[in-house]
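Residue 219 in our numbering sits at position 216 of the sequence shown, with consecutive numbering throughout.
Beta carbons: idealized from backbone N, C-alpha and C, even for Gly.
Some notes on the structure that comes next.
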Amino acid sequence: MGRGRSVVGVVGLGSVGEPLLGMVRAAGHHAVGVDTRLDVLARVDRRLKAAEAADGATGTYTLTNEIAALGYADVVVEAVPEVLAVKSAVLRGLDSVCWNRTVLVTTTARLPLTRLAIASGRSAATLGLRLLRPPAPGRGVEPVRTAMSTDDAVAALDALVARLGLVPVTIGGRPAAEAAALLHAFLNRAVTLAEEPHASQEDIDTAMRIGCGLPTGPLRLADELGLDTVHTALTRLFAETGDRRFRPASLLSSLVDAGLLGRKSGQGLYTYDDLGRPCPPSAAAPVVTAPSGEGGGPGAGVVRRVGIVGSGTGARTIADAVVAAGLTAVVAHGREWGAGGQRGRATGAYRPLADCDVVIEALEPALTSDVSDVFATLGVVCRPGALLATASPDVSVAACARASGRPGDVLGLRFDGPVRAAPLVELVRTRATSARAVRTARAFCERLGRTVIASWHRPRTLVHRLLFPYLAHAVELLDHPDADARSTDAAVESGFGHPMGPYTTLDTIGLDASLAALRGLHEAYPETDGPPPRLLEQLVAGGALGRTSDHGFRRTPTGGAPRLPAIGAGADAGAGAVADGDTDEDGGGHVAEGDGAG
Numbered sequence: 004m005g006r007g008r009s010v011v012g013v014v015g016l017g018s019v020g021e022p023l024l025g026m027v028r029a030a031g032h033h034a035v036g037v038d039t040r041l042d043v044l045a046r047v048d049r050r051l052k053a054a055e056a057a058d059g060a061t062g063t064y065t066l067t068n069e070i071a072a073l074g075y076a077d078v079v080v081e082a083v084p085e086v087l088a089v090k091s092a093v094l095r096g097l098d099s100v101c102w103n104r105t106v107l108v109t110t111t112a113r114l115p116l117t118r119l120a121i122a123s124g125r126s127a128a129t130l131g132l133r134l135l136r137p138p139a140p141g142r143g144v145e146p147v148r149t150a151m152s153t154d155d156a157v158a159a160l161d162a163l164v165a166r167l168g169l170v171p172v173t174i175g176g177r178p179a180a181e182a183a184a185l186l187h188a189f190l191n192r193a194v195t196l197a198e199e200p201h202a203s204q205e206d207i208d209t210a211m212r213i214g215c216g217l218p219t220g221p222l223r224l225a226d227e228l229g230l231d232t233v234h235t236a237l238t239r240l241f242a243e244t245g246d247r248r249f250r251p252a253s254l255l256s257s258l259v260d261a262g263l264l265g266r267k268s269g270q271g272l273y274t275y276d277d278l279g280r281p282c283p284p285s286a287a288a289p290v291v292t293a294p295s296g297e298g299g300g301p302g303a304g305v306v307r308r309v310g311i312v313g314s315g316t317g318a319r320t321i322a323d324a325v326v327a328a329g330l331t332a333v334v335a336h337g338r339e340w341g342a343g344g345q346r347g348r349a350t351g352a353y354r355p356l357a358d359c360d361v362v363i364e365a366l367e368p369a370l371t372s373d374v375s376d377v378f379a380t381l382g383v384v385c386r387p388g389a390l391l392a393t394a395s396p397d398v399s400v401a402a403c404a405r406a407s408g409r410p411g412d413v414l415g416l417r418f419d420g421p422v423r424a425a426p427l428v429e430l431v432r433t434r435a436t437s438a439r440a441v442r443t444a445r446a447f448c449e450r451l452g453r454t455v456i457a458s459w460h461r462p463r464t465l466v467h468r469l470l471f472p473y474l475a476h477a478v479e480l481l482d483h484p485d486a487d488a489r490s491t492d493a494a495v496e497s498g499f500g501h502p503m504g505p506y507t508t509l510d511t512i513g514l515d516a517s518l519a520a521l522r523g524l525h526e527a528y529p530e531t532d533g534p535p536p537r538l539l540e541q542l543v544a545g546g547a548l549g550r551t552s553d554h555g556f557r558r559t560p561t562g563g564a565p566r567l568p569a570i571g572a573g574a575d576a577g578a579g580a581v582a583d584g585d586t587d588e589d590g591g592g593h594v595a596e597g598d599g600a601g
């Protein structure tokens, strides 16, 4: 296809066709959009006009419900629903109205391209464009040809892909199907989680973006794909497999029944403006009721001095962040617990925490069985109004609150994500946690440079509840005779834009750590989360641990697993280190001050 103002048509202006039409116009082609639904044509027209006013795009466009308008198009892309009979009929209709040199392109991700090419009536000039998510500049797409495709047709599609700013990738039919199944089950679980409600849809999405590095949160992605499209795919997968992971969430079904289909309809899990951009949460009623994420401001306590109970890596990481933020960190080692210590001795050891504004329990897992005793002591030792928090993901915040005798002051602060050191804190509140405690905790975490998400108290973090079932599902796929970890990883990375596929993610986290997380989920949620996959159990038993050994699902040299940037990568490596200060008279801890301690 030449670089002049050629004509490119798009049939079907849904979740794929609408953005594709906008890209065609933005690239300087004359874009012709065809859809039989007049309300869809009106919506697309509003958005194209809004985009023109916003970015000054120079391309022209025509919108119509008549396929005959495509007669002189150079390339026509059909983006109608993924149904063989529907796509075949559209392609046959295009063949009947388009001139002989028009190249036809189908956006099917799973239907047989050769069959569609033959059904079109112009098998030599019908190609495929495999997309696992709606197109946008810089995203990966797979141009697909058949044995019948002509070189001219292939060149025309390649030129269009380049002009639109899309990135050609190689995915393959089977890996694409596996990646799509994994992601649809993942999206379905996210909708179920929003329905509980465990957290707001914004916080669920933020947890996965910041905690796992995903380009788009699962609920936003579901809206982008189209809730009806997701529902149809899940219904098909459930009918084919009987796997309850694919049974559409009731919230998803109710939204589809109400015609709230996501971005393409203007409302779904989120609400969208005339440019198709998500509206701020305050501008739309939430789909579900979630815990309030009150920010700092009036009523938030002033935090200058922070106590940390613990001596392991987690405790020191928190102390480093506290000092780097210019606050004073007081570290009480907490070694008395789990070693037969009596409360009287611990009370003395924790006395330096008495005037702290925030105290965070960050004990090593082996010591957390005694955490209720820790909070009972902190409830006595710490000043009235001091915020008491547990950073241990497996500890019951409600139990800590009860033990403290001051439940309004107690909440959870769950730092980071399992995949990488991430600037994320999940603020976990109980029904008894005061609004002032929430505001104080949020302001404190934001001062540490962390993104804060809020959730009601549940076992395990939001990231754990979404990530690890997805990873377990990927392990189960390896029971299929033609499954290949490398190909599926590549499909997830190039098709959905994830930084790592599921098997590389497992190796990066560590297979032993992943196994422990899945066991914890099964214990906490036996009705919805089954036992860990047997294959994962066998690998760990055999010493294949991923990044900490020479192999896992993807064999790599020891220490050769992918490295992701840590918090503050590029900053002074020495910043924020907790220096050993004067030990208090009871031998309970150390004090370190940041530059701005006050």
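Residue state for P472 is assigned as helix, using DSSP reduced to three classes. Rounded to the nearest angstrom, the Cβ distance from A493 to G504 is 7 Å, consistent with a contact under 8 Å. Judged by their CB atoms, L185 and A486 are not nearer to each other than the 8 Å cut-off.
Straight through space, the alpha carbons of G143 and D42 are spaced by roughly 30 Å. Taken atom to atom, the span from the alpha-carbon of L278 to that of G317 is near 43 Å. Rounded to the nearest angstrom, the gap between the Cα atoms of L66 and T443 is 53 Å. Listed as beta-bridge partners of V164 by DSSP are no residues whatsoever.
Exposed is the label assigned to K52, since fewer than 16 other Cβ atoms lie within 10 Å of its Cβ.
Distance between L107 and A156, taken at the CA atoms: about 9 Å. In this structure, L255 lies near L230, with their beta-carbon atoms less than 8 Å apart. Close CB contacts of G216 within its chain, under the 6 Å cut and outside five residues either way in sequence, are with P502 (chain order).
Per the Cβ contact rule, the segment 16-26 is in contact with the segment 266-280 (3 or more Cβ pairs under 8 Å).
Excluding sequence positions up to five before and after P218, its CB lies within less than 7 Å of the CB of G500, all in the same chain and listed in chain order. If you look at E81, you'll find it in the beta strand (DSSP E) that goes 78-81. Uninterrupted alpha helix (DSSP H) stretches at least 4 residues long and entirely within the segment 73-159 occur at 87-100, 116-123, given in chain order. Within the DSSP secondary-structure output, H32 pairs in no beta bridge. When only Cα atoms are considered, S9 and S123 end up about 22 Å apart. The C-alpha of D58 is placed about 51 Å away from the C-alpha of S399.
Pairing G214 with V362, the inter-Cα distance amounts to about 24 Å. Exclusion of the five residues before and after T454 leaves T209, I213, P426, L427, V428 as the residues of its chain whose Cβ lies within less than 8 Å of its Cβ.
About 5 Å separates the Cβ atoms of L222 and L272, confirming a contact at the 8 Å cut-off. For R445, the uninterrupted alpha helix (DSSP H) segment begins and ends at 438-450.
Put simply, the backbone Cα of P536 is about 18 Å away from that of T511. With 16 or more neighbouring CB atoms inside 10 Å of its own CB, C403 falls in the buried class.
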